[in-house]
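The next block holds one structure in the form of structure tokens; read it before the comments.
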Amino acid sequence: MNFPRALLTGILAVTGATATTAALAQAGDFPNKPVTLVTPFAAGSGPDAVLRLVSDKLSRLWNQRVLIDNKPGGGGFIAIDQARRAAPDGYTLLQLDSEHIAALPHLYKSKNFVTLQHFDTVASLFRTPFFVAVGTDSKWKSMGDLIAAAKAEPDAIVYGSWGVGSPGHLGAQQLEALTGIRMRHAPYREVSQLYSNVGTGEVPWAFASIPSSQGIYKAGKLRYLAVAAPRRIPQMPDVPTMAEAGGPASLEVNSFVSLLAPKGVPAAVKAKINADVAKVIADPEIRARFDTFAFEPLAWSPEEIERNAEAKSKVYGELVRRGNISLD
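As numbered in mature numbering (1 follows the signal peptide of the UniProt record, and there is no 0), residues -27 to -1, 1 to 301 make up the sequence shown, in order.
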């Protein structure tokens, strides 16, 4: 059947307007049932603590239960696989850090899994900086000392991390690439054991976040040589930057944490979640809690999350290839 062009244009306009109205109505009605936040982080961890604060605030804002489902293990794939099976309607969200998004595709090549091919970025939560931690009795007083020691004894100095492909591991790989030094990696299963061993000197150094190492630090067993960031951290104003401590100025080691959803979430729903999470992150109570962890609140758009993830992916891909790192 042939419709006159004017009539066809009118039909398309009405159809488009109806679809837009339906999408807006869907977003306005969201959520009308409980929302589940799946996370690969263990209960009691820094990201889990943040997620519980956010879920509590969101449940009040939405007048719906917001449930936390901890699924640690499997390099993040247990949580990822569970969330990937959910409907793309915004009622199941997945908390991931930038390494789950940007490093996994390089570390698990045989899986042929690219995180952002299966998930939409929805909202950002925070970014955390990492410090170079040594035992209180370490002879190293600066990054210059550490680098000089590593140059004097190639492949002799050991650094610890909380796993292959973690920011602590890849950050050390980047330090090697920027300075020409070579060291040995000791991955740990238990974060608490890692920093206990750094404190005793069994492991000479490791990258550390404030929440992961604060117990050992407050016990007087750790020192921070530097923060791998361009500026000092307000919570640790006496800790110099990497450049100030004699390390490479371009070395930045951090991780950001975001919420994602199975691919295909309606744009209006995604926009509502993004706006509401940003509102919650701006809450003074959450900002105060973030300060204790030296977490930087983020209010990125989905596009900004993707751009930052792509930048990290380029760096991680190069480091993985250079170090011949694999988790296959």
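C-beta: ideal position from N, C-alpha, C; glycine also.
Quiz prompt | Cβ-heavy atom distance, Val288 to the ligand FMN, below 7 Å | solution = The model on display carries no ligand, and the ligand FMN is accordingly not part of it.
Quiz item: Nearest-angstrom Cα distance between residue 305 and Leu151?
Solution: Because the chain here runs from -27 to 301, residue 305 falls outside it and cannot be looked at.
Practice problem: Work out the CA separation of Glu126 and Asp42 for me, nearest whole Å. | Solution: Walking along the sequence shown from the start, residue 42 turns up at place 69. Walking along the sequence shown from the start, residue 126 turns up at place 153. Each residue's Cα considered, the two are about 46 Å apart.
Self-check item: The alpha helix (DSSP H) enclosing Val107, as first and last residue numbers
Solution: For the purposes of this step, residue 107 is identified with residue 134 of the sequence shown, where counting begins at 1. Premise fails: Val107 lies in the beta strand (DSSP E), Phe104 to Gly108, not in any alpha helix (DSSP H).
Quiz prompt | C-alpha distance - Ala(-11) paired with Asp2, whole-angstrom precision | solution = Counted from its first residue, the sequence shown places residue -11 at position 17. Counted from its first residue, the sequence shown places residue 2 at position 29. Residue placement at Ala(-11) is poorly supported in this model, since its pLDDT is 47, which falls under 50; the coordinates still yield a value, given next. Cα to Cα, the separation comes out at about 18 Å.
Quiz prompt | Asp183 versus Phe266 - alpha carbon distance | solution = Translated into the one-based positions of the sequence shown, residue 183 becomes position 210. Translated into the one-based positions of the sequence shown, residue 266 becomes position 293. Checking the sequence, you will find Ile at residue 183 rather than Asp. In this structure, the alpha-carbon of Ile183 lies about 6 Å from that of Phe266.
Quiz item: Just reading off the beta strand (DSSP E) that Thr214 is part of, what are its end residues?
Solution: What you label residue 214 is simply residue 241 of the sequence shown in a count that begins at 1. That residue, Thr214, is in no beta strand (DSSP E); it is neither H nor E in DSSP.
Quiz prompt | 4-residue-minimum alpha helix (DSSP H) runs that sit fully inside the stretch 40 to 64, ordered along the chain | solution = 50 to 57
Quiz item: Taking Ser223 as the reference, which of Ser231, Phe229 and Thr214 has the closest Cα?
Solution: Taking the sequence shown and counting its residues from 1, the one referred to as residue 223 is at position 250. When each option's Cα is compared against that of Ser223, the closest is Thr214.
Quiz item: Under the three-state reduction of DSSP, which class applies to Asp21: helix, strand or coil?
Solution: Position 48 of the sequence shown, counted from the start, is the residue given in the question as residue 21. If DSSP states are grouped into helix, strand and coil, Asp21 belongs with the helices.
Exercise. Tell me, to the nearest whole angstrom, how far the beta carbon of Thr88 is from that of Ile74; I am working on the premise that it is less than 8 Å.
Key: Taking the first residue of the sequence shown as 1, we reach residue 88 at position 115. Taking the first residue of the sequence shown as 1, we reach residue 74 at position 101. The distance from the Cβ of Thr88 to that of Ile74 is about 5 Å, consistent with a contact at the 8 Å cut-off.
Quiz item: Run through DSSP, which three-state label would Leu300 get?
Solution: Here residue 300 is taken as the residue at index 327 of the sequence shown, counted from 1. Reduced to three states, the DSSP call for Leu300 is coil.
Exercise. Entirely within the stretch 137 to 213 and at least 3 residues each: give me those beta strand (DSSP E) ranges in chain order.
Key: DSSP runs (the beta strand (DSSP E)) wholly in the stretch 137 to 213: 157 to 160, 178 to 181 and 195 to 200.
Quiz item: What are the start and end residues of each continuous alpha helix (DSSP H) run of 4 or more residues lying completely inside the stretch 238 to 265, in chain order?
Solution: 240 to 254
Quiz item: When we look at the beta-carbon of Thr173 and count the other beta-carbons within 10 Å, is it buried (16 or more) or exposed?
Solution: Taking the sequence shown and counting its residues from 1, one reaches residue 173 at position 200. The residue is exposed, with fewer than 16 neighbouring Cβ atoms inside 10 Å.
Self-check item: DSSP state of Asp29 mapped onto helix, strand, coil
Solution: On the sequence shown, residue 29 is found 56 positions in, with the first residue counted as 1. DSSP places Asp29 in helix when its eight states are reduced to three.
Quiz item: So does the stretch 89 to 101 actually touch the stretch 112 to 127, counting three or more Cβ pairs closer than 8 Å?
Solution: With a cut-off of 8 Å, the stretch 112 to 127 and the stretch 89 to 101 do not count as touching, because too few Cβ pairs lie within range.
Quiz item: Could you give the C-beta distance for Gly153 and Ala201, rounded to a whole number, given that I count them as a contact under 8 Å?
Solution: Stepping through the sequence shown from its first residue, residue 153 is reached at position 180. Stepping through the sequence shown from its first residue, residue 201 is reached at position 228. About 18 Å; that fails the 8 Å criterion.
Exercise. Indicate the three-state DSSP secondary structure (helix, strand or coil) for Glu283 in the structure shown.
Key: Along the sequence shown, one-based indexing puts residue 283 at 310. Correct three-state label for Glu283: helix.
Quiz prompt | Chain-order list of residues whose beta-carbon lies under 8 Å from that of Ala15 (same chain, five-residue window excluded) | solution = As a working note, residue 15 is residue 42 in the sequence shown. Result list for Ala15: Asp21, Asn43 and Pro45, in chain order.
Quiz item: How should Asp70 be labelled, buried or exposed, when 16 other C-beta atoms within 10 angstroms of its C-beta is the threshold for buried?
Solution: Counted from its first residue, the sequence shown places residue 70 at position 97. Label assigned to Asp70: buried.
Practice problem: Indicate whether the contact test is met: 3 or more Cβ pairs, each with one atom in the stretch 19 to 39 and one in the stretch 188 to 204, closer than 8 Å. | Solution: no
Practice problem: Run the CB neighbour count on Asn281, radius 10 Å, all protein chains shown included, and call it buried at 16 or more, exposed below. | Solution: The sequence position of residue 281 within the sequence shown is 308, counting from 1. Burial call: buried.
Quiz prompt | Environment of Lys6 [buried if 16+ CB atoms lie within 10 Å] | solution = The residue given as residue 6 occupies position 33 in the sequence shown. Label assigned to Lys6: exposed.
Quiz item: Where does Pro270 fall in DSSP's three states?
Solution: To locate residue 270, count along the sequence shown from 1; it is residue 297. Three-state DSSP puts Pro270 in a strand.
Exercise. Leaving aside the five residues before and after Ala(-1) along the sequence, list all residues of the same chain whose C-beta is less than 6 Å from its C-beta, in chain order.
Key: Counting from one through the sequence shown, the residue named residue -1 turns up at place 27. Here the set comprises Ala241, Val242 and Lys245.
Quiz prompt | Own chain, CB closer than 7 Å to Tyr289, minus 5 neighbours either side, in chain order | solution = Within the sequence shown, the letter at position 316 stands for residue 289. Around Tyr289: Ala75, Ala76, His79 and Leu143.
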